[in-house]
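**Q**
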Amino acid sequence: MTDDPPAHDPDAAAPLPRTSSLKAVLAARASRWIDLAQLLPQAGRPLVAAAALLNVLLGLLPLAFIVLIGYVLYLVPQVAASAGSASAGASPGWSDLLTTLALAVGVFVVQQVLAPFQAGVTEVIARRVDEHCIDRLMSAALHDAPLDALESPEALDLLAEARAAFARQARPPGDAAAALLSLLSRYVQLLGAIVLVGVVISPLAGVVILATGLSMRFGVRGTLGKFADMWDALSGSRRRVFYLRDLATSARAAKEIRLLGLLPWVRARLRADTMAAYEPAWAGSRKLQFWPIIGLSCVGLVGGAVVLALLADAAAAGRLNLFQLGVAIQAVLIPMRFGVYFPEADVQTQFGLHSFHALRTFEQQIASARPVRPAAPVAVRRPEQGIRFEGVRFRYADDAPWVLDGLDLELGAGRSTAIVGLNGAGKTTLVKLLAGLYAPVEGRILVDGVDLRDLDTQDWQRQLALIFQDYVRYELTAAENIGLGAPALLDDRDAITAAARRAGALDALSGLPEGLNTTLSRRYPGGRDLSGGQWQRVALARALLAIQGGSSVLVLDEPTAQLDVRAEAEFFDRFLATAEDITSVVISHRFSTVRHADRIAVIEHGRVVECGDHVELVALGGRYADLFELQAQRFRDTASVGATTSAETDDPSRSTAEKETAS
Numbered sequence: 001m002t003d004d005p006p007a008h009d010p011d012a013a014a015p016l017p018r019t020s021s022l023k024a025v026l027a028a029r030a031s032r033w034i035d036l037a038q039l040l041p042q043a044g045r046p047l048v049a050a051a052a053l054l055n056v057l058l059g060l061l062p063l064a065f066i067v068l069i070g071y072v073l074y075l076v077p078q079v080a081a082s083a084g085s086a087s088a089g090a091s092p093g094w095s096d097l098l099t100t101l102a103l104a105v106g107v108f109v110v111q112q113v114l115a116p117f118q119a120g121v122t123e124v125i126a127r128r129v130d131e132h133c134i135d136r137l138m139s140a141a142l143h144d145a146p147l148d149a150l151e152s153p154e155a156l157d158l159l160a161e162a163r164a165a166f167a168r169q170a171r172p173p174g175d176a177a178a179a180l181l182s183l184l185s186r187y188v189q190l191l192g193a194i195v196l197v198g199v200v201i202s203p204l205a206g207v208v209i210l211a212t213g214l215s216m217r218f219g220v221r222g223t224l225g226k227f228a229d230m231w232d233a234l235s236g237s238r239r240r241v242f243y244l245r246d247l248a249t250s251a252r253a254a255k256e257i258r259l260l261g262l263l264p265w266v267r268a269r270l271r272a273d274t275m276a277a278y279e280p281a282w283a284g285s286r287k288l289q290f291w292p293i294i295g296l297s298c299v300g301l302v303g304g305a306v307v308l309a310l311l312a313d314a315a316a317a318g319r320l321n322l323f324q325l326g327v328a329i330q331a332v333l334i335p336m337r338f339g340v341y342f343p344e345a346d347v348q349t350q351f352g353l354h355s356f357h358a359l360r361t362f363e364q365q366i367a368s369a370r371p372v373r374p375a376a377p378v379a380v381r382r383p384e385q386g387i388r389f390e391g392v393r394f395r396y397a398d399d400a401p402w403v404l405d406g407l408d409l410e411l412g413a414g415r416s417t418a419i420v421g422l423n424g425a426g427k428t429t430l431v432k433l434l435a436g437l438y439a440p441v442e443g444r445i446l447v448d449g450v451d452l453r454d455l456d457t458q459d460w461q462r463q464l465a466l467i468f469q470d471y472v473r474y475e476l477t478a479a480e481n482i483g484l485g486a487p488a489l490l491d492d493r494d495a496i497t498a499a500a501r502r503a504g505a506l507d508a509l510s511g512l513p514e515g516l517n518t519t520l521s522r523r524y525p526g527g528r529d530l531s532g533g534q535w536q537r538v539a540l541a542r543a544l545l546a547i548q549g550g551s552s553v554l555v556l557d558e559p560t561a562q563l564d565v566r567a568e569a570e571f572f573d574r575f576l577a578t579a580e581d582i583t584s585v586v587i588s589h590r591f592s593t594v595r596h597a598d599r600i601a602v603i604e605h606g607r608v609v610e611c612g613d614h615v616e617l618v619a620l621g622g623r624y625a626d627l628f629e630l631q632a633q634r635f636r637d638t639a640s641v642g643a644t645t646s647a648e649t650d651d652p653s654r655s656t657a658e659k660e661t662a663s
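The numbers in UniProt numbering rise by one with no breaks, and the one at position 103 of the sequence shown is 103.
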């Protein structure tokens with residue numbers, strides 16, 4: 001069962017002048033249906049045309065059945081009247097009756113045979129349209145708009161709604177677009193029924209039954225729309241329920257839930273939040289299903305009674321034979337069924353429209369936040385002079401504190417630069433600005449003297465081999481996890497192996513059941529997971545392969561946070577030796593491990609407070625020297641304790657119990 005998000009009605013956003021409100025509402029609703037119909041060609045015009053013809057045929061077949069059954073009723077008295085004659089079995093009446101019955105049965109069988117084809121074609125169309133919409137969603141989410149636009153609460157809500165639809169937690173746009181074709185069958189039946197009623201009984205009867213059917217139809221859709229609005233207002237509460245469900249059933253939280261005994265709390269919280277999220281919808285649904293349904297039933301009864309009265313009058317006046325009477329009675333019933341939900345179309349279109357609206361609004365919001373780029377952006381090439389931050393200021397929100405506040409920094413081309421500082425100093429934010437993921441609020445970033453804003457963002461990002469602290473752990477093979485650093489080298493096993501060796505990950509990966517072909521996740525048969533340190537080396541190998549694939553700037557943000565101090569120092573020594581001609585930036589809060597970098601910049605409070613090489617900064621006796629000595633002293637103290645413990649444990653004069661206690 002899916003949680004269907006509602007169709008948002010943009011017409012209700014603001015009151016319209018009375019003189020034009022109805023016209024505006026109708027125009028807006030027509031526009032939404034037209035926009036939805038324009039998605040259908042994405043499924044392939046031949047397929048859509050075939051589906052449309054199929055649905056028209058499925059709309060016409062019930063009308064043919066009505067006419068044939070009416071003719072059967074007309075023939076039965078004639079056959080009965082001739083039953084006493086000797087040649088009754090060979091009379092034209094019997095032949096006509098059997099032929100008509102055979103045709104009616106044939107029409108019914110064809111209708112039943114075509115129904116599964118209708119469902120199958122609808123599913124294919126929905127899937128193809130959804131593939132197109134997913135491509136649009138990915139293009140918008142991964143485009144070159146600054147991340148602050150993607151991370152705004154409004155954009156995140158819209159993105160969550162669109163993602164939920166494509167995860168089948170709600171109705172996606174493809175379901176709505178495909179359901180339009182199913183509605184075609186329904187409205188062909190309605191139009192045919194109105195024609196039959198108008199011709200057989202009277203034009204007045206046709207008008208009355210048309211008004212009755214459409215009134216009930218609009219009432220049903222209006223009720224569903226009100227429920228959808230109510231459902232939409234509870235979207236935040238439902239996301240909390242989804243989170244708690246995931247928390248209670250996911251492996252990542254299982255350890256803490258068990259060890260801390262949180263299961264009773266999670267159960268109680270999930271029950272309470274579920275009631276808070278769904279009880280208003282249930283209560284509203286009961287209200288919407290009571291009085292509106294009674295009102296629609298009254299409309300149907302009145303309209304049906306009027307038409308049946310006209311039918312009775314025509315029959316009493318002798319203007320109708322059995323054929324006409326049978327056709328009219330059956331035709332009247334078709335519009336009366338427009339007072340119920342259509343299971344193949346109503347929920348799909350109503351809630352699928354909302355998903356499509358969320359997608360379009362998200363696209364528009366991201367597009368409006370996209371920075372203005374020059375008509376002819378400067379060609380991106382390997383930095384030859386360097387990268388310079390000039391007076392850069394940045395904060396994540398207008399009411400947030402400045403993360404970078406007048407930062408000036410130069411990254412020399414072909415040289416290694418280490419950026420150090422305490423947590424929260426702005427190091428990672430600096431990297432995000434360098435990557436073009438955010439734009440400076442003030443100041444500028446120059447690449448060989450060219451403002452980063454004047455470069456093609458995507459081409460510039462291809463020049464960066466960047467590993468963030470929260471690097472992605474792809475649930476793919478070890479080779480693919482490394483190879484994604486340079487997609488062009490995904491099939492080059494020698495290059496991948498060399499990158500793994502340089503990052504110090506090859507030994508661990510070679511020991512896996514299938515080596516580099518092992519899937520790095522236990523969620524798959526034969527898959528294995530890695531330790532935090534091993535994953536970090538895989539991420540480093542990915543960055544090194546990117547350099548081999550053509551990237552010219554290597555940026556490592558806390559690349560060895562899960563390695564011990566000695567392993568980290570060993571990595572940096574090896575890394576700096578293999579990246580001599582590469583413009584490289586290393587972010588770290590450990591001062592001692594970056595001392596061999598060509599240049600070290602110390603950041604505090606969003607500014608560079610000291611800059612130079614290790615010897616210069618230590619001689620300066622400033623902030624770097626103090627923090628370097630502080631961290632080095634802690635390491636010496638730890639090493640001293642370890643050495644003392646080892647010596648005491650190895651002392652032959654001590655008892656075994658004393659040695660075990662010391663160790």
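Backbone N, C-alpha and C fix where the C-beta goes; we use that ideal spot for every residue, glycine too.
#1: Please state if the CB of Pro173 and the CB of Gly44 are separated by a distance shorter than 9 Å.
#2: How many angstroms separate the CA atom of Ala251 from the CA atom of Gly225?
#3: Express the C-alpha separation of Phe65 and Ala253 in angstroms, rounding to a whole number.
#4: Grab me the residues of Arg221's own chain with a C-beta within less than 8 Å of its C-beta, minus the 5 sequence neighbours each way, in chain order.
#5: Which complete alpha helix (DSSP H) runs does the segment 283-347 hold, if anything under 4 residues is left out?
#6: I need the straight-line Cα distance from Leu101 to Leu68, nearest angstrom please.
#7: In three-state terms, what does DSSP make of Asp456?
#8: Indicate the three-state DSSP secondary structure (helix, strand or coil) for Glu384 in the structure shown.
#9: Should the segment 503-515 be regarded as contacting the segment 536-545, the criterion being three or more beta carbon pairs within less than 8 Å?
#10: Secondary structure at Asp408, three-state DSSP: helix, strand or coil?
#11: What residue range is occupied by the uninterrupted beta strand (DSSP E) comprising Ser588?
#12: State the beta-bridge partners of Thr477 as determined by DSSP.
#13: When the cut-off is 9 Å and only beta carbons count, does Leu554 lie next to chain C?
#14: Report the three-state DSSP secondary structure of Asp157 (helix, strand or coil).
#15: Count the other CB atoms within 10 Å of the CB of Trp460; is the residue buried (16 or more) or exposed (fewer)?
#16: Can you give me the Cβ contacts of Asp529 inside the same chain, cut-off strictly under 7 Å, excluding the 5 residues immediately before and after it?
#17: Taking the continuous beta strand (DSSP E) assigned at Asp557, which residues delimit it?
#18: Helix, strand or coil: how does DSSP classify Ala379 here?
#19: From Asn321 to Val76, what distance separates their C-alpha atoms?
#20: What are the boundary residues of the beta strand (DSSP E) that Arg252 is part of?
#21: Relative to the C-alpha of Val306, which residue among Asn423, Gly550, Leu325 and Gly206 is closest?
#22: Determine the direct distance from the alpha carbon of Ile582 to that of Gly386, and round the result to whole angstroms.
#23: For Glu390, name the three-state secondary structure that DSSP assigns.
#24: What residue range does the alpha helix (DSSP H) around Ser215 cover?
#25: Measure from the alpha carbon of residue 665 to the alpha carbon of each residue in Leu190, Arg590 and Phe242, then state which is nearest.
#26: Between Leu545 and Leu476, is the Cβ-Cβ spacing less than 9 Å?
#27: Cα-Cα, which of Arg217, Glu568 and Ala37 is closest to Leu181?
#28: Straight-line CA distance for Lys23 to Phe218?
#29: If you check the beta carbons only, do Gln463 and Pro383 fall under 9 Å apart?
**A** Judging by the given coordinates:
#1: Position 44 of the sequence shown, counting from 1, holds the residue named residue 44. Position 173 of the sequence shown, counting from 1, holds the residue named residue 173. Not a contact, by the Cβ cut-off of 9 Å.
#2: Here residue 251 is taken as the residue at index 251 of the sequence shown, counted from 1. Here residue 225 is taken as the residue at index 225 of the sequence shown, counted from 1. Approximately 38 Å, taken between the alpha carbons.
#3: Taking the sequence shown and counting its residues from 1, the one referred to as residue 253 is at position 253. Taking the sequence shown and counting its residues from 1, the one referred to as residue 65 is at position 65. As the crow flies, the alpha-carbon of Ala253 is around 60 Å from that of Phe65.
#4: Indexing the sequence shown from 1 puts residue 221 at position 221. In the same chain as Arg221, and ignoring 5 residues on each side of it, the C-beta atoms closer than 8 Å to its own belong to Asp346 and Gln350, in chain order.
#5: The qualifying runs are 322-336.
#6: Counting from one through the sequence shown, the residue named residue 101 turns up at place 101. Counting from one through the sequence shown, the residue named residue 68 turns up at place 68. For Leu101 and Leu68, the gap between their C-alpha atoms comes out near 7 Å.
#7: Taking the sequence shown and counting its residues from 1, the one referred to as residue 456 is at position 456. Three-state result, Asp456: coil.
#8: Indexing the sequence shown from 1 puts residue 384 at position 384. Three-state result, Glu384: coil.
#9: Yes, the segment 503-515 touches the segment 536-545.
#10: Residue mapping note: residue 408 aligns to position 408 of the sequence shown, counting from 1. In the structure shown, Asp408 sits in a strand (DSSP, three-state: E or B).
#11: Taking the sequence shown and counting its residues from 1, one reaches residue 588 at position 588. Per DSSP, Ser588 belongs to the beta strand (DSSP E) from Thr583 to Ser588.
#12: Taking the sequence shown and counting its residues from 1, the one referred to as residue 477 is at position 477. Thr477 pairs with Thr519.
#13: The question asks about chain C, but that chain is absent: this structure has only one protein chain.
#14: Residue numbering aside, residue 157 sits at position 157 when the sequence shown is read from its first letter. The answer is helix: DSSP assigns Asp157 an H, G or I state.
#15: Counted from its first residue, the sequence shown places residue 460 at position 460. Burial is judged here by how many other beta carbons sit within 10 angstroms of a residue's own beta carbon; Trp460 has at least 16 and is buried.
#16: If you number the sequence shown from 1, residue 529 lands on position 529. Cβ within range, chain order: Leu520, Ser521 and Arg522.
#17: Indexing the sequence shown from 1 puts residue 557 at position 557. Annotation: the continuous beta strand (DSSP E) that includes Asp557 extends over Val553 to Asp557.
#18: Here residue 379 is taken as the residue at index 379 of the sequence shown, counted from 1. Three-state result, Ala379: coil.
#19: Here residue 321 refers to the residue found at position 321 when the sequence shown is read from its first residue. Here residue 76 refers to the residue found at position 76 when the sequence shown is read from its first residue. Those two C-alpha atoms are separated by around 12 Å.
#20: Reading the sequence shown from its first residue, position 252 is the one you call residue 252. Segment: none, Arg252 is in no beta strand (DSSP E) and carries neither H nor E.
#21: One-based indexing of the sequence shown puts residue 306 at position 306. Of the candidates Asn423, Gly550, Leu325 and Gly206, the one whose C-alpha sits nearest the C-alpha of Val306 is Gly206.
#22: Translated into the one-based positions of the sequence shown, residue 386 becomes position 386. Translated into the one-based positions of the sequence shown, residue 582 becomes position 582. When rounded, the distance between both Cα atoms is 11 Å.
#23: Translated into positions along the sequence shown, residue 390 becomes position 390. Secondary structure at Glu390: strand, using DSSP grouped into helix, strand and coil.
#24: Looking up residue 215 in the sequence shown gives position 215. Run containing Ser215: Pro203 to Ala233, per the alpha helix (DSSP H) assignment.
#25: Because the chain spans 1 through 663 in this model, residue 665 falls outside it and cannot be assessed.
#26: The sequence position of residue 545 within the sequence shown is 545, counting from 1. The sequence position of residue 476 within the sequence shown is 476, counting from 1. The answer is no: Cβ separation not under 9 Å.
#27: Within the sequence shown, numbered from 1, the residue matching residue 181 stands at position 181. Comparing Cα-Cα distances from Leu181 to each of Arg217, Glu568 and Ala37, the minimum goes to Ala37.
#28: In the sequence shown, residue 23 corresponds to position 23, counting from 1. In the sequence shown, residue 218 corresponds to position 218, counting from 1. Between the alpha carbons of Lys23 and Phe218 lies a gap of roughly 16 Å.
#29: Working through the sequence shown from its first residue, we reach residue 463 at position 463. Working through the sequence shown from its first residue, we reach residue 383 at position 383. Cβ atoms of Gln463 and Pro383: closer than 9 Å.
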